[in-house]
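Colleague:
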Amino acid sequence: MNAYLELFRLENGIIGIIGLVVTSFIAAGTDIVNYWQCIILGCATVALFIAGGNSLNDCIDKEIDKVSHPNRPLPLEKIAVKNALYLSITCLILSFILSIAQNPQSTSIVGIAIILMIMYEIILKQRGFVGNITIAILTGMVFLLGGSIVDHVENSVEIAGMAILVTIGREITKDIEDMGGDVGRRTLPMSIGVKNASVVAAVFYIAGPILSIVPMIKGCSGLYLCIFFADAMFIYAAFIIFNDSHKSQKMAKYAMVVALIVFALGAINL
4 MNAYLELFRL
14 ENGIIGIIGL
24 VVTSFIAAGT
34 DIVNYWQCII
44 LGCATVALFI
54 AGGNSLNDCI
64 DKEIDKVSHP
74 NRPLPLEKIA
84 VKNALYLSIT
94 CLILSFILSI
104 AQNPQSTSIV
114 GIAIILMIMY
124 EIILKQRGFV
134 GNITIAILTG
144 MVFLLGGSIV
154 DHVENSVEIA
164 GMAILVTIGR
174 EITKDIEDMG
184 GDVGRRTLPM
194 SIGVKNASVV
204 AAVFYIAGPI
214 LSIVPMIKGC
224 SGLYLCIFFA
234 DAMFIYAAFI
244 IFNDSHKSQK
254 MAKYAMVVAL
264 IVFALGAINL
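Quick note on the numbering used here: the sequence shown kicks off at 4 and runs consecutively.
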């Protein structure tokens, strides 16, 4: 069973579920209790989608992972590629079926996400920057789904937009970090050089926090002013990318967690 949990990347599924629940609270506030059934379905939808996507990724990248990630289940032959592929297809189909039980908007979001995930693994992953954008959009769609399942998707647009922008920056940073091991891909750092790619990543890290100003304009709790801590972390990630890409992408990851918490605090009416 541990091999399957490794295949599914259990920790990623947990993070996705937390993101969905927090975004639902951001979108609906205390009215979230009226949507508990939708929340449960949404959590299952996200967990299955992430499990299916990660399984598909490992099937396609088995040969590459023999070098880059030799301890994963498929390179170690703990799970047959055929079985992993069947699991991937099953998880993605179940994810879509559960979305149908929610509302048409949620079904559309999940359906588009599944198509993008498959396109990414088969075609877009090798396209470098286009692949970075695809992963960022998929990340943002988790937050849109969180708003959609409580019928307030409009209240999740800012956090989804911020997630998309900073994830593009983080994906570029990870490409800089992994340049030595990338096989069969033409990443942005390979195309325009590490320094220029770092500039592009820094721009996205700084662009993301700009969206954090929107809730202040629309009106929010005074606790939301803590967002400046997250903004400062993103800006710091932009500055250190030129010297330490690993530290930069880790800082951006932590900053997104802080931003998510602060957005939730901003939804509390004091």
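Glycine included, every Cβ here is placed at the ideal spot set by N, Cα and C.
Within its chain, find whatever has a CB closer than 7 Å to the CB of S58; leave out the 5 residues flanking it on each side and keep chain order.
Modeller: Result list for S58: L10, F11, A87, L90, S91 and C94, in chain order.
Colleague: Tell whether a beta-carbon distance below 8 Å holds between A30 and N158.
Modeller: yes
Colleague: Measuring CB atoms only, is the region 65 to 78 touching the region 122 to 133, in the sense that at least three cross pairs come out at less than 8 Å?
Modeller: Here the region 65 to 78 makes no contact with the region 122 to 133; the two share fewer than three CB pairs at distances below 8 Å.
Colleague: What does the alpha-carbon distance come out to for the pair I125 and K85?
Modeller: 17 Å
Colleague: Can you tell which of L8, Y208 and D34 has the C-alpha that lies nearest to the C-alpha of A166?
Modeller: It is Y208 whose Cα lies nearest to the Cα of A166.
Colleague: Compute the Euclidean distance between the alpha carbons of S151 and C41, then round it to the nearest angstrom.
Modeller: 10 Å
Colleague: Are the CB atoms of F146 and I136 within a distance shorter than 8 Å?
Modeller: no
Colleague: Is DSSP giving K81 helix, strand or coil here?
Modeller: coil
Colleague: For E14, count neighbouring C-beta atoms within 10 Å of its own C-beta (all shown protein chains included) and say buried if the count is 16 or more, exposed if not.
Modeller: exposed
Colleague: Give me, in chain order, the residues of the same chain whose beta-carbon lies closer than 8 Å to that of N60; leave out the 5 immediate sequence neighbours on both sides.
Modeller: If the five residues before and after N60 are omitted, its C-beta is found closer than 8 Å to the C-beta atoms of E124, all from its own chain and listed in chain order.
Colleague: Compute the Euclidean distance between the alpha carbons of I117 and A50, then round it to the nearest angstrom.
Modeller: 13 Å
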